[in-house]
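What follows is a set of notes on a single structure, which appears directly below.
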Amino acid sequence: MNKETIKIGILGMGTVGSGVSQILAQNGKDMEHKLGAALEVKRVAVRDLAKPRGLTLDPSLFTDNIDHVILDPEIDIVVETMGGIESARHAITKALENGKFVVTANKDLMAQHGMELLAIAKLQGKNIFYEASVGGGIPLVRPLKFCLAANRIHKIMGIINGTTNYILTQMSTAEKEFKDALAEAQAKGFAEADPSSDVEGRDASYKLNILASLSFSSRINMEDIYVEGITNVKLRDIRYAQELGYAVKLLAIGEEGEGGLKLRVHPTLIPHAHPLAAVKNEFNAIFLEGDAVGEVMFYGRGAGSLPTGSAVCADIMDAARAIKNQIQNGIVEATFVHKPVVPMEEQLSRFYLRLKAIDEPGVFAKLATAFGEARVSLDKIIQKRSVEQTAEIVLVTHDVAEGNFTHALDSLRAMPSIRSINSILRVVE
Ligand code: NAP
Ligand code: HSE
Numbered sequence: 012m013n014k015e016t017i018k019i020g021i022l023g024m025g026t027v028g029s030g031v032s033q034i035l036a037q038n039g040k041d042m043e044h045k046l047g048a049a050l051e052v053k054r055v056a057v058r059d060l061a062k063p064r065g066l067t068l069d070p071s072l073f074t075d076n077i078d079h080v081i082l083d084p085e086i087d088i089v090v091e092t093m094g095g096i097e098s099a100r101h102a103i104t105k106a107l108e109n110g111k112f113v114v115t116a117n118k119d120l121m122a123q124h125g126m127e128l129l130a131i132a133k134l135q136g137k138n139i140f141y142e143a144s145v146g147g148g149i150p151l152v153r154p155l156k157f158c159l160a161a162n163r164i165h166k167i168m169g170i171i172n173g174t175t176n177y178i179l180t181q182m183s184t185a186e187k188e189f190k191d192a193l194a195e196a197q198a199k200g201f202a203e204a205d206p207s208s209d210v211e212g213r214d215a216s217y218k219l220n221i222l223a224s225l226s227f228s229s230r231i232n233m234e235d236i237y238v239e240g241i242t243n244v245k246l247r248d249i250r251y252a253q254e255l256g257y258a259v260k261l262l263a264i265g266e267e268g269e270g271g272l273k274l275r276v277h278p279t280l281i282p283h284a285h286p287l288a289a290v291k292n293e294f295n296a297i298f299l300e301g302d303a304v305g306e307v308m309f310y311g312r313g314a315g316s317l318p319t320g321s322a323v324c325a326d327i328m329d330a331a332r333a334i335k336n337q338i339q340n341g342i343v344e345a346t347f348v349h350k351p352v353v354p355m356e357e358q359l360s361r362f363y364l365r366l367k368a369i370d371e372p373g374v375f376a377k378l379a380t381a382f383g384e385a386r387v388s389l390d391k392i393i394q395k396r397s398v399e400q401t402a403e404i405v406l407v408t409h410d411v412a413e414g415n416f417t418h419a420l421d422s423l424r425a426m427p428s429i430r431s432i433n434s435i436l437r438v439v440e
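Mapping of the sequence shown onto this note's numbering: residues 12 to 440, in sequence order.
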């Protein structure tokens with residue numbers, strides 16, 4: 012028996028939830044035509060019923076009790092756009108156990124508990140759709156699950172946090188220091204009131220977890236991902252990087268090689284000619300390398316009400332198709348294995364280093380010796396300027412194991428002629 016009306020319950024009516032509501036109001040008829048079934052929002056749960064919403068939704072649909080949504084026997088699809096971990100985890104589990112399909116935009120939850128929730132969905136013969144959890148409106152989850160499924164993916168690399176890309180763009184184009192660029196991102200609504208997850212790289216690491224597990228068919232623990240945010244990136248380094256021919260971007264990188272998976276998020280110098288260097292402001296872009304397809308790049312708005320709502324609504328349509336056509340589930344994650352991860356100290360990187368040293372004869376020679384003894388080969392070394400007998404030195408290494416570079420740094424810190432080590436950033440060619 013085909014269902015003619017698919018009923019939806021929404022948990023959360025903030026930035027993403029209101030985008031979903033707006034798209035359903037604007038394009039609902041087209042969506043229904045494509046589906047051959049009607050879509051109806053039956054209930055909406057929020058925290059604060061008194062908050063003005065400015066939406067076309069009937070106020071009588073609103074409740075402040077999540078159970079009114081997830082236990083409603085008429086609701087077919089529960090859309091979770093409230094965020095957070097424990098309430099969302101509990102609500103999704105209960106919704107699945109009550110026979111609902113689930114759509115979520117929650118990357119924090121899917122990165123940390125996705126496998127457990129997908130296993131519950133599989134057991135219930137349902138599914139969880141999470142396209143909006145990575146890259147906002149950019150299709151990534153579905154291409155990885157379906158369109159590129161015949162490939163072995165060697166590498167994924169991208170800009171997957173809009174807030175930090177906005178901040179780094181403003182630092183480089185408007186010559187702003189980090190804290191001023193962050194304040195502007197907050198004023199424009201890109202960065203949240205508590206931007207720590209974005210600027211400390213955690214948001215990108217959750218998204219990398221989701222992308223890497225789909226790309227490499229592996230379960231990934233958050234501890235397997237090296238994470239460094241942009242809070243220590245200085246305008247001075249962005250200027251020097253520009254002089255050297257690089258842009259600074261917060262990159263998420265996942266690779267599969269002989270030793271296992273390499274997973275990391277960190278601010279990175281990339282050549283101006285690299286396509287990721289041209290990705291500005293709140294935009295996201297992701298490169299994939301598959302053995303059959305070659306290089307593929309995805310680009311678009313990685314955050315915001317309507318772009319993220321676009322991905323959530325597409326997932327609602329997928330869930331509606333499964334319900335209408337009585338497809339039990341399409342879970343591919345159940346086949347995931349646990350692949351080994353290469354420790355960060357064994358991974359190879361090029362490094363950019365800025366330090367201050369006493370401006371006296373023999374300092375360059377001492378630096379070269381310390382690096383040589385740690386088996387670190389230097390590509391560029393430049394003395395930038397000298398003030399009151401202190402020289403600022405910028406250098407870039409060739410590829411080096413992180414562990415060897417750390418040894419070289421230990422030697423430099425012990426040298427009396429080195430005044431301070433001011434910045435360390437990785438470089439990708
Ligand atoms: P938001 O603007 O803070 O909205 C959260 C909504 O959830 C609010 O309506 C809030 O109610 C409601 N809520 C929170 N806790 C609740 C609870 N315990 N019970 C009932 N309602 C509750 O958040 P958002 O930016 O839309 O983000 C939602 C999710 O989407 C997060 O997982 C986020 O990571 C993800 N996401 C966001 C974006 C983006 O661009 N913002 C992009 C991709 C993914 P009140 O309105 O009453 O406070
Ligand atoms: N805070 C996130 C970002 C929102 O800036 O990219 C989208 O997930």
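Glycine is no exception: its CB is placed at the ideal position from the N, C-alpha and C atoms.
A straight line joining the alpha-carbon of A196 with that of A258 spans about 19 Å.
Per DSSP, the continuous alpha helix (DSSP H) segment holding K218 begins and ends at 213-227. Per the coordinates, the alpha-carbon of Y251 lies some 11 Å from the alpha-carbon of V407. Listed as beta-bridge partners of E403 by DSSP are K367, R396. Within a 10 Å sphere around the beta-carbon of G383 sit fewer than 16 other beta-carbons, which makes this residue exposed.
The C-beta of M308 has fewer than 16 other C-beta atoms within 10 Å across all chains shown, which makes the residue exposed. Residue state for G20 is assigned as strand, using DSSP reduced to three classes.
The beta carbons of S229 and L272 sit closer together than 9 Å.
In this chain, the alpha helix (DSSP H) harbouring Y177 covers 173-184. The Cβ atoms of S316 and G30 sit closer than 9 Å to each other. For D209, the Cβ falls inside the 8 Å cut-off from some heavy atom of the ligand HSE. Annotation: the continuous beta strand (DSSP E) that includes N295 extends over 294-301. Bridge partners of S434 according to DSSP: R365. Contact annotation, I164 with L128: C-beta distance approximately 23 Å; criterion of less than 8 Å not satisfied. In the three-state reduction of the DSSP assignment, D329 falls in the helix class, which pools H, G and I. At least 9 Å separates the beta-carbon of G301 from that of H283.
The count of Cβ pairs closer than 8 Å, one atom from the stretch 311-331 and one from the stretch 18-26, reaches three, so the stretches are in contact. A straight line joining the alpha-carbon of V89 with that of S144 spans about 15 Å. Checking the 8 Å criterion, the Cβ of M93 is within range of a heavy atom belonging to the ligand NAP. By the criterion of at least three beta-carbon pairs nearer than 8 Å, the stretch 347-364 is in contact with the stretch 220-238. For F309, the uninterrupted beta strand (DSSP E) run begins and ends at 305-312, by DSSP. Counted as a single uninterrupted DSSP element, the alpha helix (DSSP H) harbouring I81 occupies residues 78-81. Following the DSSP letters along the chain, one finds H277 inside the beta strand (DSSP E) bounded by residues 271-282.
Judged by their CB atoms, V304 and E142 are not nearer to each other than the 9 Å cut-off.
In this structure, T319 has its CB closer than 8 Å to one or more heavy atoms of the ligand NAP. Per DSSP, the unbroken beta strand (DSSP E) holding L262 starts and ends at 257-268. Sequence-distant Cβ neighbours of D326 in its own chain, meaning closer than 6 Å and more than five residues away, are V114, F140, E142.
By alpha-carbon distance to A381, the top candidate from P286, D421, A106, V152 is D421. Y251 sits in a helix when the DSSP states are folded into three classes.
At least one heavy atom of the ligand NAP is found less than 8 Å from the C-beta of I77.
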